[in-house]
Amino acid sequence: MKTTSSNDERHNTDLAHFLIHTGAKKVGNNRYVLENKHEIIHTSHEQAKEELIDYLYNHFEITDRTLLITNSDNG
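The sequence shown begins at 372 in this note's numbering and counts up one residue at a time.
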């Protein structure tokens, strides 16, 4: 993401982005919408991970039989 500081210097800002959902629902011929979608975006990767873990443990019952599917864009 390109950002500008107060002295008008342009620089890149890395963002940590996590997207949690419980599935996808078909709403059209080739169109789907994510169910129970929640996004976490933060400039600190560590802070984003903490928020992710808090969200998962506070909104889902995770057991040894829970299936979590993850994906990455090579980040």
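We put the CB at the ideal spot given by N, CA and C, even for glycine.
{"Check": "Measuring only the C-alpha atoms, how far is residue 399 from residue 380?", "Outcome": "44 Å"}
{"Check": "Considering only residues of the same chain and omitting the five flanking positions on each side of residue 390, which have a CB-CB separation below 6 Å?", "Outcome": "410"}
{"Check": "Between the C-alpha atoms of residue 432 and residue 386, what's the straight-line distance to the nearest angstrom?", "Outcome": "28 Å"}
{"Check": "Could you check how far apart the C-beta atoms of residue 430 and residue 422 are, in whole angstroms? I think they sit under 8 Å.", "Outcome": "With a Cβ gap of about 12 Å, residue 430 and residue 422 do not count as contacting."}
{"Check": "Would you kindly work out how many angstroms separate the C-alpha atoms of residue 419 and residue 441, rounded to a whole number?", "Outcome": "15 Å"}
{"Check": "Give the single residue among 392, 384, 405 whose Cα lies nearest to the Cα of residue 427.", "Outcome": "392"}
{"Check": "Where does residue 380 sit, in a helix, a strand or coil, going by DSSP?", "Outcome": "coil"}
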